[in-house]
Amino acid sequence: MAKNLLIVESPAKAKTIEGYLGKDFLVKSSYGHIRDLVKTDDAIDTSNNFTQRYEVPAEKKAVVSELKKLAKAAETVWLASDEDREGEAISWHLYETLGLDDEKTKRIVFHEITKPAILRAIETPRGIDFNLVNAQQARRVLDRLVGFELSPVLWKKVKPSLSAGRVQSVAVRLIVDREREINRFTAEAAFRVVAIFHTDNPKELFKAELPKRFTDVAEAERFLTDCIPARFAINSLETKPSKRSPAAPFTTSTLQQEASRKLGFSVARTMTVAQRLYEAGRITYMRTDSVNLSDTALQGAEQEIRSAYGDKYHKRRQYRTKSAGAQEAHEAIRPTYFDQHTIGGDNAERRLYELIWKRAIASQMSEAEFEKTTAKIGVSTREEELVANGEVMRFDGFLKVYFESTDDDDEHEPNLDNDTGNALLPPLTKGQQVQLKRMSATERFSRPPARYTEASLVKKLEELGIGRPSTYAPTISTIQNRGYVVKESRDGKPREYRIVELVGGTMSSLVKTEITGAEKSKLFPTDIGVVVNDFLVEHFNGIVDFNFTARVEKEFDEIAQGMKEWTAMLHSFYGPFHQEVETTTKHADRATNERELGEEPGTGKRVSVRIGRFGPMVQIGATDDEEKPRYASLRPGQMIETITFEEALDLFKLPKKVGEFEGKEMTVAVGRFGPYIRHDNAFFSLPKGLDPLDVTTESAIEIIREKRQKDKEKIIKIFEENADARIENGRWGPFIRFGKQNVKIPKGTEVNDITYEDVVKWAAEDEKKPKKKARGKK
DNA sequence: CAGTGAGCGAGCTTCCGCTTGACTT
5 MAKNLLIVES PAKAKTIEGY LGKDFLVKSS YGHIRDLVKT DDAIDTSNNF TQRYEVPAEK
65 KAVVSELKKL AKAAETVWLA SDEDREGEAI SWHLYETLGL DDEKTKRIVF HEITKPAILR
125 AIETPRGIDF NLVNAQQARR VLDRLVGFEL SPVLWKKVKP SLSAGRVQSV AVRLIVDRER
185 EINRFTAEAA FRVVAIFHTD NPKELFKAEL PKRFTDVAEA ERFLTDCIPA RFAINSLETK
245 PSKRSPAAPF TTSTLQQEAS RKLGFSVART MTVAQRLYEA GRITYMRTDS VNLSDTALQG
305 AEQEIRSAYG DKYHKRRQYR TKSAGAQEAH EAIRPTYFDQ HTIGGDNAER RLYELIWKRA
365 IASQMSEAEF EKTTAKIGVS TREEELVANG EVMRFDGFLK VYFESTDDDD EHEPNLDNDT
425 GNALLPPLTK GQQVQLKRMS ATERFSRPPA RYTEASLVKK LEELGIGRPS TYAPTISTIQ
485 NRGYVVKESR DGKPREYRIV ELVGGTMSSL VKTEITGAEK SKLFPTDIGV VVNDFLVEHF
545 NGIVDFNFTA RVEKEFDEIA QGMKEWTAML HSFYGPFHQE VETTTKHADR ATNERELGEE
605 PGTGKRVSVR IGRFGPMVQI GATDDEEKPR YASLRPGQMI ETITFEEALD LFKLPKKVGE
665 FEGKEMTVAV GRFGPYIRHD NAFFSLPKGL DPLDVTTESA IEIIREKRQK DKEKIIKIFE
725 ENADARIENG RWGPFIRFGK QNVKIPKGTE VNDITYEDVV KWAAEDEKKP KKKARGKK
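What follows is the structure, encoded as C-alpha cells:
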C-alpha cells in the first residue's frame with residue numbers, strides 16, 4: 005500500500021499527476037463534490053444559525069467508501085482539490101467525511117499540472133482555509149434558500165414545477181428584456197452615399213463614402229444632382245501605421261463563443277467535445293475563467309512559433325482577466341503539446357482542437373501591422389467631402405494563424421458593391437483630380453439590438469459575474485427545459501428600400517426588397533417565461549437585479565478574507581428576503597398576462613389571450629356563457645404580449661376547407677411543422693411564404709400535384725439505381741419498400757431529400773427496435 | 001398524428017456548483 009494518498013477533483017488530472025510522482029504516491033479523484041445539502045426542505049435550520057444537514061448522495065457512495073479505505077491505509081493524505089472557494093470546500097468535506105486526522109492530513113494547491121509545480125506544492129503544504137470554506141457555505145446556503153423559497157411561490161402563484169434561482173432567473177430576465185427592447189424598436193431610415201472613383205487610369209478603381217447620411221430622399225437626390233457637374237479632387241491624404249493584437253487564450257466562455265460563431269456548436273456541444281479532448285490528454289482543463297498560461301506553456305508556444313514561423317513572429321505575452329468574479333484556479337484552455345498542430349479523433353474533436361491550438365499559439369505571437377490610408381475627396385459643388393479608406397498589411401504577425409470573429413460577422417448589410425471599403429487604394433496624390441464612375445444613395449435602416457444566442461448570453465452572464473464556467477452550459481439548458489426560453493430560427497419579413505443612382509451623368513431611382521428580422525438559432529422568451537419574469541421583477545426585484553450576484557460575491561470575498569462572519573451575512577440577507585416571500589405568498593395576486601384584445605365583429609363576444617392548460621391560447625366568448633367559448637392555440641412565434649386582434653381572429657379561420665380534389669376534401673391547417681394541406685390522409689406542406697389563408701382550390705391542387713410529381717421522380721430514381729429499394733405511396737403517405745422490409749420515413753423528412761444511404765440506415769434502425777406488442781383498447 | 005381548453009381530492013415539483021457516468025428501453 006502506498007504511503008501517500010493524494011486526492012484531486014478530476015480523474016483525468018489524477019492520471020497525469022500519478023505519472024509525475026513516484027511509487028510512494030497513489031493519486032485518486034473525488035469526482036467533484038462528494039457531499040451536498042440534503043434534498044429536502046429541512047436542509048438548513050434558519051432559526052438556528054443556518055445549521056446545515058449534509059449527505060453523501062447515492063451516486064457518490066462508492067467513491068467515498070473507496071477513498072475512506074485508502075485513506076485509512078495511507079500514512080499521509082494530501083488534499084489537492086482546486087484552489088478556489090469550491091475546491092477548499094471539497095477538501096473540507098473530504099476531511100470530514102473520510103474522518104481524517106489533523107496530523108496525517110495536508111492541504112496543497114497548484115494551478116498548473118506540471119511536475120515542478122506539483123513538487124513545489126508538496127513541499128509547501130498548509131491547513132484547510134476555513135474562511136474560504138465558510139464563504140462557500142454562505143454561497144451554497146444562499147442559493148438553496150433563494151431557490152427553495154422562491155420556487156414554491158411560483159408554484160402557488162403561477163404554475164406547479166416552475167423554478168427560480170439567483171442565476172437562471174437573471175438569465176431569463178436578460179432575454180425577456182431584450183425581446184421587449186426589440187419590440188419597442190422602430191427602425192430609422194437614412195440614405196448612405198457611396199461612390200466609385202477612378203484615376204486617369206480607368207482600371208484604378210476605389211470606393212469612397214460620405215461620412216454623413218441623409219434622412220430624406222430629397223436631400224440625397226439633391227446631393228447626387230449636385231455631383232453631376234462637379235469636379236472631384238483629393239483634398240487630403242493621410243497614411244498612418246496601425247497595429248492589431250491577438251486575443252487572450254480561451255477561457256470556457258470565450259471558447260463557447262468562438263466555437264458557436266466559427267463551428268456552429270451549441271455551448272453544450274462545445275463542452276462535451278472539449279471534455280473528450282481533455283480526457284484524451286489533448287488540452288488542459290476546459291472549465292476555467294483564467295487567461296493565464298504556465299511557464300512551461302509559454303516556453304512550448306515560443307519554441308513552436310520560432311520553429312514553425314520564425315523568430316519575428318514570437319512575442320511573449322501575459323494576459324490579465326477582465327471578468328470581476330474570476331477565481332483562476334486553472335490555466336487558460338490550451339493544447340497540452342504545442343507541437344501538435346492537428347490531432348486525430350472525430351471531425352468535431354479535430355476542429356475544436358484546431359481552434360484551441362490556433363488561439364493559444366496566436367496569443368503568443370507578434371502584432372499584425374497595417375498601414376491605413378485615408379483620402380478625403382472634395383466635391384466642387386458641395387461643402388461635404390467623401391472619404392476613402394485603404395488598408396495594407398505590412399506584417400501578418402498572429403493573423404498568420406488566427407482571426408478572431410465578432411458577433412456581427414454574419415450581419416453584413418447588403419450594399420451596392422458588397423466589398424469592405426478597406427481594400428487597397430491606388431497611388432494618389434494631394435490635389436489630384438479623380439473621375440466619378442458611379443454614385444448611389446441607398447436607404448439603410450437602423451438595427452434593433454441583437455437577440456441573444458446561447459454563446460452571447462454566456463458572455464453577458466460572465467460580464468455580470470453571474471454563474472461559473474461549470475454552470476454556463478447547464479444554465480442555458482435549464483431555462484430551455486423549464487420552458488422559459490426557446491432556441492429557434494424564424495423567418496424574416498420583406499422590406500422595401502429605395503436607391504438613387506447616378507451613372508454616366510444620369511440619375512435613376514429604384515425600389516428593392518430585402519429580408520429583415522430573420523433569425524437563426526436565437527433565444528426567444530416564451531409566454532410562461534415572460535409571466536414568471538414579470539412576477540419576480542415585481543415582487544423580488546432585489547434577487548433578479550443584475551447586480552445582486554456582484555453584491556453578494558463581494559460579501560463572500562469578505563468572508564473568505566476573514567473580515568466578515570458568514571452567518572451574520574446570511575442573517576442580514578435572509579431576514580428581509582423571507583419577509584418578502586411571506587407577504588407575497590399571502591397577498592400577491594395570481595400572476596397572469598391575460599390581455600383583452602377587443603370584441604368579435606358580429607357577435608360582440610370578448611376576445612382575450614392568456615396561458616391555458618395547453619399553452620398560450622385565444623378565447624372568444626366568456627367561460628360562463630350558455631354557448632361554449634371557442635379556443636385556438638397561438639402559433640410558433642406568436643406571443644400573448646404582441647399578438648394583434650387581427651392575428652388572433654385569423655387563428656379561427658383554420659383549419660379551413662378549400663374544396664375537393666379527386667372526390668376527396670382538401671383542408672388547410674397549421675401543424676407543428678408549419679402550414680399544410682390535408683388530402684385523403686396525406687399531408688402536403690405549403691411552400692414557404694404562402695399564407696395558409698390565401699390557399700385557393702386551384703393552388704391547393706397545384707401543390708398536391710407538384711408534390712406527387714416530385715415524389716414520383718424520386719421513386720423512379722431510387723428504383724432505377726437500386727433494385728431493392730423503392731418509395732411507394734401507401735394509405736398514410738409514402739413509405740419505403742426495402743427488399744422485404746417496409747421502412748418508415750422519419751417525421752419531418754422531405755421525400756425528395758431521401759438518399760439510398762438514408763434508407764439503409766433507417767432499415768437498420770427499424771430492425772434494432774423491439775417489436776411493439778399489440779395493445780388492447782382501453 | 002393534424003388538436004384539445006380546469007377548478008374539492010394526494011403528493012410532487014425547486015437552487016448552484018464541483019465532477020463524470022450509463023441497469024437497458
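Positions in the first sequence are counted from 1; adding 4 to them yields our numbering. Each residue gets a CB set at the ideal place from its N, CA and C atoms; glycine is no exception. All values derive from a computational prediction rather than experimental measurement.
Starting from Gly533, trace the alpha helix (DSSP H) both ways and give me its first and last residue.
Your numbering for residue 533 matches position 529 in the first sequence. Its alpha helix (DSSP H) spans residues Asp531 to His543.
Between which residues of its own chain and Glu100 is the CB-CB distance below 7 Å, once the five residues before and five after are set aside?
The residue you call residue 100 lines up with position 96 of the first sequence. Nothing meets the Cβ criterion.
Taking all protein chains shown into account, decide if Glu87 is buried (16 or more other Cβ within 10 angstroms of its Cβ) or exposed.
Along the first sequence, read from residue 1 onward, the residue named residue 87 stands at position 83. Glu87 comes out buried.
Work out the CA separation of Lys326 and Lys463 for me, nearest whole Å.
What you label residue 463 is simply residue 459 of the first sequence in a count that begins at 1. What you label residue 326 is simply residue 322 of the first sequence in a count that begins at 1. Cα to Cα, the separation comes out at about 12 Å.
Is Asp40 helix, strand or coil by DSSP?
Reading the first sequence from its first residue, position 36 is the one you call residue 40. Three-state DSSP puts Asp40 in a strand.
Is it true that the region 398-406 meets the region 256-264, where meeting means three or more beta-carbon pairs spaced less than 8 Å apart?
Flag = no, the region 398-406 and the region 256-264 do not touch.
Can you give me the Cβ contacts of Lys376 inside the same chain, cut-off strictly under 6 Å, excluding the 5 residues immediately before and after it?
Position 372 of the first sequence, counted from the first residue, corresponds to residue 376. Answer for Lys376: Lys244, Ser246 and Glu395, listed in chain order.
What do you reckon, are the CB atoms on Glu335 and His115 nearer than 8 Å?
As a first step, residue 335 is located in the first sequence; it is residue number 331 there, counting from the start. As a first step, residue 115 is located in the first sequence; it is residue number 111 there, counting from the start. A contact, by the Cβ cut-off of 8 Å.
Is it the case that the Cβ atoms of Phe152 and Asp45 are separated by a distance below 8 Å?
Residue mapping note: residue 152 aligns to position 148 of the first sequence, counting from 1. Residue mapping note: residue 45 aligns to position 41 of the first sequence, counting from 1. Cβ atoms of Phe152 and Asp45: closer than 8 Å.
Pull up the distance between the alpha-carbon of Tyr313 and that of Glu358, whole angstroms please.
By 1-based counting over the first sequence, the position of residue 313 is 309. By 1-based counting over the first sequence, the position of residue 358 is 354. If you take the alpha carbons of Tyr313 and Glu358, they lie about 17 Å apart.
Nearest by alpha-carbon distance to Thr410: which of Glu13, Ala305 and Gln261 is it?
One-based indexing of the first sequence puts residue 410 at position 406. Minimum Cα distance to Thr410 is reached at Gln261.
Closest to Gly471 by C-alpha separation, out of Ile503, Phe560 and Thr553, would be which residue?
Position 467 of the first sequence, counted from the start, is the residue given in the question as residue 471. The shortest Cα separation from Gly471 among Ile503, Phe560 and Thr553 belongs to Thr553.
Would you be able to state if there are at least three C-beta pairs under 8 Å between the region 5-17 and the region 72-89?
Yes, they touch.
Which of helix, strand or coil does DSSP assign to Ser474?
As a working mapping, residue 474 is identified with position 470 in the first sequence. Reduced to three states, the DSSP call for Ser474 is coil.
Please report how far the alpha carbon of Thr80 lies from the alpha carbon of Lys110, in whole angstroms.
For this step, residue 80 is matched to residue 76 along the first sequence. For this step, residue 110 is matched to residue 106 along the first sequence. Roughly 7 Å separates the two Cα atoms.
Starting from the C-beta of Val137, find all residues in its chain whose C-beta is less than 7 Å away, skip the five residues before and the five after it, and write them out in chain order.
In the first sequence, residue 137 corresponds to position 133, counting from 1. Glu92, Ala93 and Trp96.
Which residue's Cα is closest to the Cα of Met369: Gly641, Met573 and His318?
The residue you call residue 369 lines up with position 365 of the first sequence. Nearest C-alpha to Met369: His318.
Excluding the 5 residues flanking Thr479 on each side, which residues of the same chain have their C-beta closer than 8 Å to its C-beta?
Residue numbering aside, residue 479 sits at position 475 when the first sequence is read from its first letter. These residues qualify, in order along the chain: Val171, Gln172, Ala175, Leu465 and Gly471.
Under 8 Å, do Val672 and Arg639 count as touching if we go by C-beta distance?
As a working note, residue 672 is residue 668 in the first sequence. As a working note, residue 639 is residue 635 in the first sequence. Contact: no.
May I have the straight-line CA-CA distance separating Lys19 from Leu30, to the nearest angstrom?
Taking the first residue of the first sequence as position 1, residue 19 is located at position 15. Taking the first residue of the first sequence as position 1, residue 30 is located at position 26. If I take the Cα positions, the gap works out to 10 Å.
Which word fits Ala191, buried or exposed, when buried means at least 16 other C-beta atoms lie within 10 angstroms of its C-beta?
In the first sequence, counting from the first residue as 1, residue 191 sits at position 187. Exposed, since its Cβ has fewer than 16 Cβ neighbours within 10 Å.
Which residues bound the alpha helix (DSSP H) around Arg310?
Looking up residue 310 in the first sequence gives position 306. Counting along the chain, the alpha helix (DSSP H) containing Arg310 begins and ends at Asp299 to Tyr313.
Spatial neighbours of Ala212 within its chain, please: C-beta separation below 7 Å, excluding the five flanking residues on both sides.
Translated into the one-based positions of the first sequence, residue 212 becomes position 208. Closer than 7 Å at the Cβ level, and outside the excluded window around Ala212, lie Ala199, Phe201, Ile381, Leu390, Val391 and Ala392.
Using DSSP with H/G/I as helix, E/B as strand and the rest coil, what is Ser327?
Walking along the first sequence from the start, residue 327 turns up at place 323. Of the three classes helix, strand and coil, the one that applies to Ser327 here is coil, per DSSP.
With a floor of 4 residues, list each alpha helix (DSSP H) that falls wholly inside the region 355-412, ordered by position along the chain.
Fully enclosed alpha helix (DSSP H) runs of 4 or longer: not present.
What separation, rounded to the nearest whole angstrom, lies between the Cα atoms of Lys207 and Ile238?
One-based indexing of the first sequence puts residue 207 at position 203. One-based indexing of the first sequence puts residue 238 at position 234. Whole-angstrom Cα-Cα distance: 18 Å.
Which value, in whole angstroms, describes the spacing of the CA atoms of Asp561 and Glu600?
The residue given as residue 561 occupies position 557 in the first sequence. The residue given as residue 600 occupies position 596 in the first sequence. So the two alpha carbons sit approximately 49 Å from each other.
Count Cβ pairs between the region 624-632 and the region 576-585 that sit closer than 8 Å; are there 3 or more?
The region 624-632 is not in contact with the region 576-585.
For Val162, I'd like the list of residues in its chain whose CB is within less than 8 Å of its CB, leaving aside the five on either flank, ordered along the chain.
Looking up residue 162 in the first sequence gives position 158. Counting only Cβ-Cβ distances below 8 Å, and skipping sequence neighbours, we find Ile532, Val535, Val536, Phe539, Arg594 and Ala595.
At which residue ranges does the region 215-242 contain complete alpha helix (DSSP H) runs of 4 or more residues, listed in the order of the chain?
Within the region 215-242, the complete alpha helix (DSSP H) runs of at least 4 residues are 221-231.
Among Lys108, Glu710, Ala330 and Ser155, which residue has its Cα nearest to the Cα of Glu557?
As a working mapping, residue 557 is identified with position 553 in the first sequence. Comparing Cα-Cα distances from Glu557 to each of Lys108, Glu710, Ala330 and Ser155, the minimum goes to Ala330.
What span of residues does the beta strand (DSSP E) with Leu468 cover, start to end?
One-based indexing of the first sequence puts residue 468 at position 464. That residue, Leu468, is in no beta strand (DSSP E); it is neither H nor E in DSSP.
Is Asp105 helix, strand or coil by DSSP?
Numbered from its first residue, the first sequence carries residue 105 at position 101. Asp105: coil per DSSP, three-state reduction.
Consult DSSP for Arg148 and reduce its assignment to one of helix, strand or coil.
To locate residue 148, count along the first sequence from 1; it is residue 144. Correct three-state label for Arg148: helix.
What number of angstroms, rounded off, separates the C-alpha of Phe656 from the C-alpha of Glu645?
Numbered from 1 along the first sequence, position 652 holds the residue referred to as residue 656. Numbered from 1 along the first sequence, position 641 holds the residue referred to as residue 645. Rounded to the nearest angstrom, the two C-alpha atoms are 19 Å apart.
Looking at C-alpha atoms only, which residue of Ile337, Thr346 and Pro696 is the closest neighbour of Pro473?
Mapped onto the first sequence, residue 473 falls at position 469. It is Ile337.
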